[in-house]
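Input: a single structure, listed below in structure tokens.
Residue numbers (this note's numbering), protein chains in the order written: chain A, 1269 to 1526; chain B, 48 to 525.
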């Protein structure tokens, strides 16, 4: 049920997603509290990524994908309403992908890309500040400050992913969606990203899809378990991982299937 | 017969692959030997030992066939004084004999009766030699065929016999293959150098008649002067000064190629963007091959399209607005050429745009960029190297194009940058200098090589420039 509680950054209900005739999400309702990290977990193909991509309408680019449901941003903005421009929505709801995908441009240009498009900076100095600040927040500034004009694809995988996070926060979104942001990274880079998520939640609402149960328990305060397109269980992360209500959830987190 | 034996070599070496492999496998399973290499490699090993010696001998026999012919025909028994003949006389007699041999071969005529005038001109021993020559091909062919059945079989059996578990075939096979691969790439390089040097040497001949500076910096192109001068007073550099001025050809080439690129680059690139980013896959599947047909239309068709439809149309339009347009204009040729090279730009650019990873598009959309911003700021820069490559291919095609210019733009050299006037190109002048009766001691003919060399250097510089640009601006994804 959608209530008008403004403590939620994003509220969804009655969400159905079809790829052609195949159902991917079946009647899901989930609310995401402000400035908290919510994990979406579940076995491969359970629809958690599809659901995540509904939240900034990334599924729009897939022709056969059909999304139905109610999505309210800040309790009052229907993100699928025809009045909403998808670009302004994505300005508020940023996204970080599974594989680091920096543009083949300089490090500076990568971060400055969003602010330039949305006209966020009024001057070159301000733009420089935004880039610097975003890299700072993404914990990358110290590593790249001397080579801002290097091509970003020369960075290591972990650095690239933090650059993508910097790129996402440079347009000052309210929500950051992360689609398995650490699955292509080694443990050290993963630890850095997780630390970063913990810092970022002060200012942003974060929704993260992850395959790693330990990661979900480390970074998130709420966890939602998906299976076969259904939301099986949602609750406090601590509760989901210690005494889940549903047997299915218990089986998954103890590794009996998935 | 020689070619039939080549087929035999192929078939035999292919079958020896199975024989060698079988032998290796039987060693492994029946005699419990440990093989040093994988069984396939014993097959390859036998194939290589059969194929390469045979093919080398085959080439040797093909190349030296005429030498064997001469040895066979010009025997001292028939021509006792053959050793004292000059090479010219030898050649003449050999020619006569081979002509005779065709008659002798055609019918079993009795050489002693009737009025066979050609035969009467030939001496007794020449006629015998001609008969021998007629037989030679048959003998040579059959002996080859025999050789190429016996030799590979023999080699094959020897090679197969030599297979044992200790024989490590893999490094041997890999070594031979690596030589073959290396050799193939060297052949391409040698041919390039060969073409280059043949151009250089003939061009040097040309520059013996015409001053280097005159050629590159004079603005008058009247190669027919070389004929006039030839008839009256022989060559003299002063007289040829005004005959071979390269500048109008260069400007003509650049003018027509620029017109073509002005057509092809925007149309081709926009087509590519539409096909890759906006068109549905259905439209793309139909439209792309249709556009590619443009490149497959024979240039001569573009030529008369340009000469008969485009040029009169341009002339009418020009006269309508009060511009003097000549019947054969650089514009008509350039437009037709531009249409021809659209697919070079559109098809290649479409492929490279398609090759930009989807993740970059999504990354840009996720930041809230629109489709057009994504294309302009992410996709085109990422695909730039390939797009530049397609432009380069189109330019070299435009510069190398001949037929359209011959038909639509005139053969008269004209120093101008006005596309409404007639102009001619380097390639067109190469053609005109080599058609008709040509003598290779006349600068009118030799100029083709100097022009060819210049064209070669031009495209080389273009290539190097493009590679440098691409390297500098390349945005690597991955």
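The C-beta atom is built at its ideal place from N, Cα and C for all residues, glycine as well.
Bear in mind the structure is a predicted one, so any value in this text is a computation, not a measurement.
- One finds nothing in chain B with a Cβ atom closer than 7 Å to the Cβ of residue 1318 of chain A; even the nearest lies about 14 Å away.
- No Cβ-Cβ contact shorter than 7 Å links residue 448 of chain B with residue 390 of chain B.
- DSSP, reduced to helix, strand and coil, places residue 210 of chain B outside both helices and strands of the structure shown, so it counts as coil.
- The three-state secondary structure of residue 1276 of chain A, taken from DSSP, is strand.
- Residue-level contact by beta carbon fails for residue 400 of chain B and chain A, as no gap is shorter than 7 Å.
- For residue 1444 of chain A, no CB of chain B lies under 7 Å from its own CB, so it is not counted at the interface with that chain.
- Between residue 384 of chain B and residue 445 of chain B, the C-beta gap is smaller than 7 Å, which places the two residues in contact.
- Look at residue 1385 of chain A: its C-beta is under 7 Å from a C-beta on chain B.
- Annotation note: the stretch 443–493 of chain B contains no uninterrupted beta strand (DSSP E) run of length 3 or greater.
- Cβ-Cβ separation between residue 1398 of chain A and residue 1406 of chain A: approximately 12 Å, too far for a contact (criterion under 8 Å).
- Beta bridge pairing from DSSP links residue 1281 of chain A with A/1338.
- Residue environment for residue 1336 of chain A: exposed (fewer than 16 other C-beta atoms within 10 angstroms of its C-beta).
- Residue 1472 of chain A is not bridged by DSSP to any residue.
- For residue 1471 of chain A, no chain B residue has a Cβ inside 9 Å of its Cβ, as the nearest lies near 18 Å away.
- Residue 1470 of chain A counts as exposed, since fewer than 16 other C-beta atoms from the protein chains shown sit within 10 angstroms of its C-beta.
- Under the DSSP definition of a beta bridge, residue 1307 of chain A partners with A/1476, A/1491.
- Around the beta carbon of residue 405 of chain B, fewer than 16 other beta carbons sit within 10 angstroms, so the residue counts as exposed.
- For the pair residue 64 of chain B and residue 94 of chain B, the CB atoms are nearer than the 7 Å cut-off.
- Chain-order list of chain B residues neighbouring residue 1358 of chain A: 412, 413, 414, 415, 416, by C-beta distance under 9 Å.
- Between the beta-carbon of residue 468 of chain B and that of residue 377 of chain B there is about 7 Å, and that keeps the pair under the 8 Å contact cut.
- Taking 7 Å as the cut-off, the beta carbon of residue 112 of chain B is found no closer than this to the beta carbon of residue 86 of chain B.
- Under the 8 Å Cβ criterion, the stretch 434–443 of chain B does not count as touching the stretch 244–258 of chain B, having fewer than three qualifying pairs.
- Ranked by Cα distance from residue 435 of chain B, the options B/419, B/395, B/401 are led by B/395.
- Between the stretch 504–518 of chain B and the stretch 324–337 of chain B there are fewer than three inter-stretch CB-CB distances shorter than 8 Å, so the stretches are not counted as touching.
- Sequence-distant partners of residue 262 of chain B (beyond 5 residues in either direction) whose C-beta falls short of 6 Å from its own C-beta, in its chain, are 291, 293.
- Annotation: Cβ neighbours of residue 425 of chain B in chain A (cutoff 7 Å, chain order): 1371.
- Residue 1356 of chain A carries a helical assignment under DSSP once its states are collapsed to helix, strand and coil.
- Around the beta carbon of residue 179 of chain B, 16 or more other beta carbons lie within 10 angstroms, which makes this residue buried.
- DSSP lists no bridge partner for residue 1314 of chain A.
- Taking 7 Å as the CB threshold, residue 1355 of chain A lines the interface with chain B.
- An exposed status is given to residue 51 of chain B, since fewer than 16 other beta-carbon atoms sit within 10 Å of its beta-carbon.
- For residue 1416 of chain A, not one C-beta of chain B is nearer than 7 Å to its own C-beta.
- Taking a beta-carbon distance threshold of 7 Å, residue 328 of chain B does not count as an interface residue toward chain A.
- For the stretch 1320–1340 of chain A, the beta-carbon criterion of a distance under 7 Å to any beta-carbon of chain B is satisfied by 1324, 1326, 1329.
- Put simply, the CB of residue 420 of chain B is near chain A, with a gap under 7 Å to one of its CB atoms.
- Among the CB atoms of chain B, one or more fall inside 7 Å of the CB of residue 1363 of chain A.
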